[in-house]
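Let me begin by presenting the structure, written as structure tokens, before commenting on it.
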Amino acid sequence: MNPDQSNTKYGPLPFVATAAIARTRLVKLVNNAGNPAVSPLAALTDIPAFYTNEAVDNAGGIVDVNPLDPQRNHRLWLTGAANPGDVLVSDGAGGVKVLPAAAGTYVRIGIAEETGVDGQIILLRPHLTGLLQTVAA
703 MNPDQSNTKY GPLPFVATAA IARTRLVKLV NNAGNPAVSP LAALTDIPAF YTNEAVDNAG
763 GIVDVNPLDP QRNHRLWLTG AANPGDVLVS DGAGGVKVLP AAAGTYVRIG IAEETGVDGQ
823 IILLRPHLTG LLQTVAA
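Sequential numbering of the sequence shown, starting at 703, is according to the working numbering.
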């Protein structure tokens, strides 16, 4: 074993939540008095590191999260409709949506692997290359 990698972790990870968070939502890693914690996304340009496996009801609660691993597909909350192959970006509230045609800067999350409707937990493949994607006016 490489001793430099002995404390790395894979799979579901427990973190303190800074607020209530629903399940299957994107969250960002934050500093909470010198300790790592997860927080709901608050803006379209927040960079998510994980998504929640379950809901947490209050700040200070422990929530299991999974990293956005491109080696496997994941299911996340969908805002609007999507088709296989659509580029999915953060909706700024913990879910994903199809990359809009409107000018703006968006955080790319992945590629839809199935057809989805608003409110569905859609199957996607993380594709974080070029994380911030700008659509020109």
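Glycine included, each C-beta is placed from N, C-alpha and C at the ideal position.
Residue burial classification, residue i (beta-carbon count within 10 angstroms, cutoff 16)
{"i": "residue 712", "result": "exposed"}
{"i": "residue 749", "result": "exposed"}
{"i": "residue 714", "result": "exposed"}
{"i": "residue 804", "result": "exposed"}
{"i": "residue 810", "result": "buried"}
{"i": "residue 771", "result": "exposed"}
{"i": "residue 710", "result": "exposed"}
{"i": "residue 838", "result": "exposed"}
{"i": "residue 817", "result": "exposed"}
{"i": "residue 820", "result": "exposed"}
Local conformation of residue i per DSSP, three classes
{"i": "residue 711", "result": "coil"}
{"i": "residue 810", "result": "strand"}
{"i": "residue 784", "result": "strand"}
{"i": "residue 820", "result": "coil"}
{"i": "residue 829", "result": "coil"}
{"i": "residue 856", "result": "Because residue 856 is not part of the residues shown, which for the chain are 703 to 839, the question remains open."}
{"i": "residue 777", "result": "strand"}
{"i": "residue 768", "result": "strand"}
{"i": "residue 719", "result": "strand"}
{"i": "residue 801", "result": "coil"}
Residue i to residue j span [Cα, whole Å]
{"i": "residue 757", "j": "residue 785", "result": "27 angstroms"}
{"i": "residue 787", "j": "residue 764", "result": "34 angstroms"}
{"i": "residue 737", "j": "residue 720", "result": "11 angstroms"}
{"i": "residue 812", "j": "residue 751", "result": "13 angstroms"}
{"i": "residue 815", "j": "residue 827", "result": "7 angstroms"}
Nearest residue (CA-CA) to residue i, options the options
{"i": "residue 727", "options": "836, 779, 810 and 822", "result": "779"}
{"i": "residue 769", "options": "760, 781, 759 and 754", "result": "754"}
{"i": "residue 731", "options": "823, 777 and 741", "result": "741"}
{"i": "residue 776", "options": "709, 808, 718 and 825", "result": "825"}
{"i": "residue 766", "options": "823, 817 and 724", "result": "724"}
{"i": "residue 747", "options": "733, 800, 760 and 806", "result": "806"}
Residue i Cβ short of 8 angstroms to the ligand FAD heavy atom set
{"i": "residue 824", "result": "In terms of ligand content, the structure shown is empty, and the ligand FAD therefore cannot be addressed."}
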